[in-house]
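If you read the sequence shown in the numbering used here, its first letter stands for residue 8, the second for the next number, and so on.
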Amino acid sequence: MEQAHVTGELYWKVGDANFHLTDHVDRLARIEELRTQLRNVFDPLMRCVRVIVLEGPDTVAKAARGVLEAASETNSALWRIAQEEPEARERFEAAQGRFRACLEEFIEAAHKAVSGQ
C-alpha cells in the first residue's frame with residue numbers, strides 16, 4: 008500500500024509541473040525527473056504486488072493487480088507527455104484517474120480483509 012501511495016504522490020507532482028511550470032523546457036525537464044523517480048518506485052511496487060498475489064486473499068490480490076496495471080498505464084501516458092504527443096496530458100489525467108480509483112479499491116479490499124469482513 009505504501010508503494011502505491013508513493014507512486015500516487017509522484018503522479019500529483021506531474022500535475023503540479025503541468026500546472027505551475029509555464030516554461031516548456033522547465034516543464035519537460037521536471038517531467039523527466041519525475042519519470043526517473045517513477046521508474047525507481049515501480050519495481051518495489053511490482054514486488055509488493057507479487058507478494059500480495061502470492062500470500063493475500065483473492066480480492067486483495069485482484070485489487071493489487073489493478074493498481075499495478077493502472078500504474079503501468081499511467082507511466083506510459085507520462086512517457087507520451089515527454090514525447091510531446093498530442094493529447095498526451097489528457098491521456099495522463101485519465102490514466103491517473105483510473106490509478107486513483109484502483110488504489111481506492113485496493114485500500115477498501117485490504118481494510119475488509121484485515122477486519123475480517
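Every residue gets a Cβ at the ideal spot worked out from N, C-alpha and C, and that includes glycine.
Rounded straight-line distance, which links the Cα of residue j to that of residue i
i: Ile59; j: Ala71; result: 7 Å
i: Glu80; j: Gly123; result: 32 Å
i: Pro93; j: Gly15; result: 24 Å
i: His27; j: Leu17; result: 15 Å
i: Glu97; j: Arg57; result: 30 Å
i: Glu40; j: Asn82; result: 13 Å
i: Ala102; j: Ala11; result: 14 Å
i: Val67; j: Phe106; result: 16 Å
Residue i burial status per 10 Å Cβ neighbour count (16 or more: buried)
i: Gln90; result: exposed
i: Leu85; result: buried
i: Ala36; result: exposed
i: Val121; result: exposed
i: Val32; result: exposed
Uninterrupted alpha helix (DSSP H) stretches inside the segment 38-93 (no shorter than 4 residues)
Entirely contained in the segment 38-93, the alpha helix (DSSP H) runs reaching 4 residues are, in chain order, 65-89.
With a cut-off of 8 Å, do at least 3 Cβ pairs link the segment 73-87 to the segment 38-57?
Per the Cβ contact rule, the segment 73-87 is in contact with the segment 38-57 (3 or more Cβ pairs under 8 Å).
Pairs of beta-carbons, one from the segment 93-111 and one from the segment 36-50, closer than 8 Å: are there three or more?
Result no; under three Cβ-Cβ pairs closer than 8 Å.
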